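The listed protein sequences correspond, in order, to chains V, C, U and G. All residue numbers for the first sequence refer to my numbering, where the first residue is 309 and numbers rise by one. All residue numbers for the second sequence refer to my numbering, where the first residue is 309 and numbers rise by one. All residue numbers for the third sequence refer to my numbering, where the first residue is 309 and numbers rise by one. All residue numbers for the fourth sequence refer to my numbering, where the first residue is 309 and numbers rise by one.
There are 4 protein chains.
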Amino acid sequence: MAFKGVDYYGIEELLSDEEKMFRNAARGFLEKEVEPLVVNAFHKEELLNMKELAPKMGEVGMIGATIPQEYGGGGANYTQFGLLCQELERVDGALRSFVAVQSGLVMYPIWQFGTEEQKRKWLPQMASGKIIGCFGLTEPNRGSDVGGMETVAKKNGNVWVLNGAKEWISEASTADFALVYARTDEGVKAFLIPRGTEGFTQTFTDKKGAMRVGDVGTLALNDVKVPEEDVLPGSTRVKHVFACLNQARFGISWGAIGAAMSCYETALNYTKQREQFGAPIAAYQLVQRDLVNMLIEITKAQLLSYRLGRLLDAGKAKHQQISLAKKNNVEMARMCARTARSLLGANGCSYDYPPIRHMGNIEAVYTYQGTDFIHTLILGQDITGIQAFTRKL
Amino acid sequence: MAFKGVDYYGIEELLSDEEKMFRNAARGFLEKEVEPLVVNAFHKEELLNMKELAPKMGEVGMIGATIPQEYGGGGANYTQFGLLCQELERVDGALRSFVAVQSGLVMYPIWQFGTEEQKRKWLPQMASGKIIGCFGLTEPNRGSDVGGMETVAKKNGNVWVLNGAKEWISEASTADFALVYARTDEGVKAFLIPRGTEGFTQTFTDKKGAMRVGDVGTLALNDVKVPEEDVLPGSTRVKHVFACLNQARFGISWGAIGAAMSCYETALNYTKQREQFGAPIAAYQLVQRDLVNMLIEITKAQLLSYRLGRLLDAGKAKHQQISLAKKNNVEMARMCARTARSLLGANGCSYDYPPIRHMGNIEAVYTYQGTDFIHTLILGQDITGIQAFTRKL
Amino acid sequence: MAFKGVDYYGIEELLSDEEKMFRNAARGFLEKEVEPLVVNAFHKEELLNMKELAPKMGEVGMIGATIPQEYGGGGANYTQFGLLCQELERVDGALRSFVAVQSGLVMYPIWQFGTEEQKRKWLPQMASGKIIGCFGLTEPNRGSDVGGMETVAKKNGNVWVLNGAKEWISEASTADFALVYARTDEGVKAFLIPRGTEGFTQTFTDKKGAMRVGDVGTLALNDVKVPEEDVLPGSTRVKHVFACLNQARFGISWGAIGAAMSCYETALNYTKQREQFGAPIAAYQLVQRDLVNMLIEITKAQLLSYRLGRLLDAGKAKHQQISLAKKNNVEMARMCARTARSLLGANGCSYDYPPIRHMGNIEAVYTYQGTDFIHTLILGQDITGIQAFTRKL
Amino acid sequence: MAFKGVDYYGIEELLSDEEKMFRNAARGFLEKEVEPLVVNAFHKEELLNMKELAPKMGEVGMIGATIPQEYGGGGANYTQFGLLCQELERVDGALRSFVAVQSGLVMYPIWQFGTEEQKRKWLPQMASGKIIGCFGLTEPNRGSDVGGMETVAKKNGNVWVLNGAKEWISEASTADFALVYARTDEGVKAFLIPRGTEGFTQTFTDKKGAMRVGDVGTLALNDVKVPEEDVLPGSTRVKHVFACLNQARFGISWGAIGAAMSCYETALNYTKQREQFGAPIAAYQLVQRDLVNMLIEITKAQLLSYRLGRLLDAGKAKHQQISLAKKNNVEMARMCARTARSLLGANGCSYDYPPIRHMGNIEAVYTYQGTDFIHTLILGQDITGIQAFTRKL
């Protein structure tokens, strides 16, 4: 059975049977269980009930896909994780966000930098979707400027005391616990803080124009006490933060393809059926040009992400290569959402068609995990050898 | 007192005192009475209460500005109408839509093509905002293809019987009456149909990603009977439809400037305050580039609309010139909304800042009153002498 | 030894040793023997002496690379041919044009559609560079509209009589013979016409802004007589014309990468050395953004052409996939040439730096072998199922 | 008689009769006397003979148009000067360059900052075209970074001794004298240095891809002695340099319109005549889109330059407003040249059609008198209050 998706350069034949089956299973589940809930939820900014959905997603292997099976993960390769992200965001970016956070930003650092006890305690339950985590890195005044982190942890005997605030945190109000970064005398460290801890407040941020089906919010830390056993021992360097981001950014590069596919396919079907001036509008050159531009950009994005997955699987990818795919593919999806929306005319303004919803979501994706500017400068530094993030040389 | 708005090429000094006063009054009213209501309404798709707002707007001269004073209008020139549209859309596109429809698409054709009785009956009450009208032209299968209109009116004695449907009609569910176009044996005619007429159904269309504070909906006509006295006598030709559209399109060209101003000013203020990596982000070249691009495009759009207003006032504007300004300025505002939103980073995803709301709205504006493609082809036909709307030569 | 070229996504490791060696040999030859001649020749529109160069190129295997060795060719795969085109156009597009015409547009159809005698007669001598052919398809009034061909061949006994004209023919004035397409009662046929044949005139076209080191000209046919033995028997359908174009278009997609590489590397080196306002200009965000955009677009183009080569080698590529790569990569190179030229400031206006020369050349490439519009519509037809080349549905 | 040019928004009626007559006279002269010489000269990089042409241009009032009549100038307003620049560049950018340098960069500073003797000595002869001057500001290592000027003048009794080099100087090898800027202990000063002065070398720079009909070259200063009477007394501050640049940049903004007009008109005529697939190519949507984009961008550029001229005439223009028009209009012309060239297909590669020549020229214009980046940052500084030229805050 041919893959029902955009595949103009035969990438399907480069995938293993296992990879294809994994992707197809994910698509089947999502189309049946999740897609029908999305439009209304987005319209009203009513969150999908992840407490209900996550265990189902865990059951079909959507969580912790790349984590080893001994910790409840799927032991999958990066290409599979990418294909999963594609299918999730094809339905809605907030779903991909959820999985990227749970798997890439919380499970991954626990697995990489945690103690054996921490791994045993958290990973299996997270993989099963019974426990939801969030990733507390971004701060109100320090979006991209991670180096300027203001949240502080001070050691008091065997206990750390945290103060600060985190903003734009996916799953903030839903999470059963948060992995929170704070500055210490020993460098940046990651702390695991359960819901309900004294002084720890989780709040939902409403009135958003993007990701309206997903939980986003703030974490406030007011003399929050964390015992030493809930500190990740291996996470004392900012570099480790970036290791997590690489997971998420790679997933985003595939998710963007999913959103773009959804937009392109919607537009293609629509323009072939919609008639104006005596012909389907797909018969007009201006419409064909828009469709073709989408096709070309999606095809190139696919080749980028496919190649990147293989490099990651081989342990050869460098983070700047991931920046390239994140930056390019999100900009690509942004263009596709806008183009598809306009091809749908007035119907393109309705949430009954996916493009305008993706158009909102992709703005969040364009910004988080490194804005377009940040990735430009990461790449710029790599090729010129000169950093241009700051004004100081 | 200097004008608080974007004015890089000194357009302020080209305006008369009257024009400036009119604009300033509109701005004052809108900032005080309407702006505080918008964010929540947009977020929840709860319509502004036009039944309450319209009479206030009528009082300050915002409705029927260009209609002669003897019919309750303002007797203003086109530049004033343009400036009004700018101020309305600076707050929200749905407000400009409301005024454009009420004034340009309903009052204008009644004034131009109506009988003296019709004018006396409708215009003063509409100008005072006590009565709201809507404009029933667009059909489900015939967006841009007005020539293919499917709504039909058949004469039965002294009464016309209408059947058909209209879609994406601003003020559809709120309007006290509708001006509806239908195909007859004598050509296209315009019918005035009061709310509550048997067989006439007005429905709200929800789940939109654009213009969420404004009423948009459908009109269904099921054997609706209209007496001869409620038919506009002068409207038997499609050409007259276009006369109305010219009013609306000119207003849109100014409204787009208002939305773009709002986005640009928000981004400028934000980037001068937001610090990252040791400096306000406005100190970085990539940010300055985005701000400058917005400034340049807004400045050019202003010169277009200003010149167009003067041509209209002199009775010299041709409709293709209006197409140029509509097409250009809406595309310009679309770019500004997108750019400003991204400059705001994660905060740009929140409705607490205007850009992402304008970003949604402008998609509707990009589509209605002639899509970008339609205006391209209107201009293309004008300069080449060859129509390229249809496939037939 | 690392490849000295743009390779941000590790394509080098996907190439076989044979492929790399072939490319490196080509680069070595071109840098030593040809590159030093190019600037002055371009400046003065003095053609490279292909009568001298072609035999040298033949010797190092640059001609007929994909033709079987039994006919003097190299028996190489498509990826090798692509890499060769990259290296040729890295130096100058006219060199890639020469090889693409000789190998893809003349040798390939003789090999595919010729008789055994024709193959034996022409192919080995062409492969050695001793004989140069040209491809007479394009006509003065029929650029993209091959179906409207006006050159006619009429049979008179055992001899065909040709009348017509061909324009913008690479190697027109230099070629030892031309493969000329003409309309006959039996369909389009290809004729082999030696230099000096009565009624056959070969003229150089001067005053060009592109490809100034390469021969381009016209062929005039005035009652030219061609014996049956010099007609390709298998070429009676327009489809065969397209088979030849596929060769050339695939080569162009790689050639464009070569031109873009040259531009990018020139700009990167220049901006790292050139100081302004106290820093190398590569330290400025606006400059880094331009460099990064080039890098991203080149990387994607490489992945397209690499994948396409493998599909061609596997016999699976369809011509629309080739259209995608031709269209995308040439537009990409056009952007890179323009961007690199501007990064070089005033020096970018001098032919002493490659970008402004590539900028001229790429305009020819943008147009020939299918303009950007034509490839848009080829792809549009493929995805929508509706042709939009003509106005007739 | 209607103006034969692009005028979609009725700018013609905003011009005075004097302004129109002046423009029409310039056009008449240029079309008759100069245009026929351009193609061959460009192709071969053979300079137009300005020694012959300049006196004729002086006779019809093309030189020193805005200089008062008492010094031989035309006493024209800025709009006239702009219209003249438009007509000059419509034929070739090098002609506009010549006039901009002669009038704006040499005559203007002498008039503004010179002594009465200097004015009497140079201005009338320059206005008549009998003497040609050049403007020596740009240095090899200091393109945009005027503050870092390396040419030095040291006072030795009553004589200044200059050492240094200037590059990319229009009219360098032709000029009868040069106005050269050098750093002194008293700040930057301007020196008038006649041809043939000992140690002063004027050299032509060949192998350019832009402005091939115009003289561009280098000035070398090797212990060049300049008496005090040949120093401009009023030019001791860098600010004065910018006053000259304002003249030139304003002229460029109009010149770019002229080049764009030429491209647009060529493309419009060509596409209406050229047939493909059964119709003139102007009948196709993709072609109409390109034509319309050019029209829109030209119209906006005209409104910018027209408004700017009136602001200058009223003494109200600030230099950042000029930056906006220079930056915008040159980018606009660049797009038009590229677009028109591609619409001409293969013929667009020939210098027999103007677009590809303008395409080369405009690259020089994009760079000189402030690159696109420099004007972006000038505007960025103006609106944000923060300079971003250097890395130091």
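Note that CB positions come from ideal geometry on N, CA and C, so glycine has one too. This one's a predicted model, so the numbers in the text were calculated from it and none came from an experiment.
Please name the residue in C/Leu-413, C/Glu-343, C/Gln-610, C/Ala-654 whose C-alpha comes closest to that of C/Glu-320. C/Gln-610
Give me the Cβ distance between G/Ile-670 and U/Glu-671, rounded to the nearest whole Å; I'm assuming they're in contact under 8 Å. Their Cβ separation, rounded to whole angstroms, is 14 Å, which puts G/Ile-670 and U/Glu-671 out of contact at 8 Å.
For the candidate residues C/Ser-405, C/Val-368, C/Ala-384, whose alpha-carbon lies nearest to that of C/Asp-621? Of the candidates C/Ser-405, C/Val-368, C/Ala-384, the one whose C-alpha sits nearest the C-alpha of C/Asp-621 is C/Ala-384.
Which of the three DSSP states, helix, strand or coil, is assigned to U/Ala-490? In the structure shown, U/Ala-490 sits in a strand (DSSP, three-state: E or B).
Quick check on C/Met-309: does DSSP put it in helix, strand or coil? Unreliable positioning characterises C/Met-309 in this predicted model, as indicated by a pLDDT of 49, which lies under 50. The coordinate reading is nonetheless provided below. Residue state, collapsed to three classes: coil.
Just to confirm before moving on: does the CB-CB distance between V/Glu-475 and V/Glu-458 stay below 8 Å? no
Secondary structure at U/Gly-451, three-state DSSP: helix, strand or coil? In this structure, DSSP gives U/Gly-451 a state outside helix and strand, which the three-state scheme calls coil.
At a Cβ threshold of 8 Å, is V/Lys-700 touching chain G? yes
Please tell me whether C/Thr-574 and C/Pro-662 are closer than 8 Å, where the distance is taken between their beta carbons. yes
Looking only at its own chain, which residues have a Cβ that is under 6 Å from the Cβ of C/Thr-374, when we skip the five neighbours before and after it? Scanning its chain for C-beta atoms nearer than 6 Å, with the 5 sequence neighbours on each side dropped, one finds around C/Thr-374 the residues Ala-384, Phe-389, in chain order.
Is the CB of C/Pro-663 under 8 Å away from at least one CB in chain G? no
Counting C-beta neighbours from all protein chains within 10 Å, is the total for U/Ile-367 16 or more, i.e. buried, or is it exposed? Per the sequence shown, residue 367 of chain U should be read as Glu rather than Ile. Under this definition U/Glu-367 is an exposed residue.
For a quick check, are the C-beta atoms of C/Pro-417 and C/Leu-527 less than 8 Å apart? Cβ distance not < 8 Å, so C/Pro-417 and C/Leu-527 don't count as in contact.
Put G/Asp-523 into one of helix, strand or coil per three-state DSSP. Residue state, collapsed to three classes: coil.
Using the Cα positions of G/Thr-492 and G/Leu-529, report the straight-line distance between them to the nearest angstrom. When the Cα atoms are used, G/Thr-492 and G/Leu-529 turn out to be separated by approximately 15 Å.
Between which two residues does the alpha helix (DSSP H) harbouring G/Ala-672 extend? 663–675
With a threshold of 16 other CB atoms inside 10 Å of the CB of G/Gln-581, please say whether the residue is buried or exposed. exposed
Of all the CB atoms in chain G, is at least one closer than 8 Å to the CB of V/Tyr-592? So, interface residue.
Any chance the stretch 562–577 of chain V sits against the stretch 644–654 of chain V, with 3 or more Cβ pairs inside 8 Å? yes
Let me check one thing: in DSSP terms, what residues is C/Asn-464 bridge-paired to? C/Val-467
Determine, for U/Arg-642, whether the minimum Cβ-Cβ distance to residues of chain A falls below 8 Å. Absent from the structure is chain A; the protein chains it does hold are V, C, U and G.
Considering only their Cβ atoms, is the gap separating U/Gln-628 from U/Ile-686 smaller than 8 Å? yes
Quick check on DSSP: helix, strand or coil for C/Phe-558? helix
Residue from V/Leu-594, V/Gln-394, V/Phe-585 whose Cα sits closest to the Cα of V/Arg-557: V/Gln-394
Roughly how many angstroms separate the alpha carbons of G/Val-346 and G/Leu-338, rounded to a whole number? One C-alpha to the other measures close to 11 Å.
So which of U/Leu-396, U/Gln-584, U/Met-519, U/Val-595 has the shortest CA-CA distance to U/Asn-332? U/Leu-396
Cβ-based contacts, 7 Å cut-off: residues of the stretch 515–535 of chain V near chain C: Lys-515, Lys-516, Gly-517, Ala-518
Interface residues of chain C facing V/Trp-476 [CB-CB closer than 7 Å]: Within chain C, the residues near V/Trp-476 are Ala-654.
Whole angstroms is fine: what's the gap from C/Val-460's alpha carbon to G/Tyr-316's? Rounded to whole angstroms, the gap between the alpha carbons of C/Val-460 and G/Tyr-316 is 38 Å.
Taking DSSP's pairing of strands, which residues face U/Val-539 in a bridge? Secondary-structure assignment with DSSP links U/Val-539 through a beta bridge to U/Phe-499.
Considering only their Cβ atoms, is the gap separating U/Thr-684 from V/Val-600 smaller than 8 Å? yes
What residues are listed by DSSP as bridge partners for C/Asn-530? C/Asn-471
If you run the structure through DSSP and keep just helix, strand and coil, what is C/Phe-681? helix
Using a Cβ-Cβ cutoff of less than 7 Å, which residues in the same chain neighbour C/Lys-634 once the five nearest sequence positions on both sides are dropped? Arg-557, Ile-560, Ser-561, Gln-677, Gly-678, His-683
Best match in V/Val-638, V/Glu-424, V/Gly-382, V/Val-524 for proximity to V/Met-358 [C-alpha to C-alpha]: V/Val-524
Quick check: the Cα distance between G/Ile-694 and G/Gly-465, rounded to an integer number of angstroms? 43 Å
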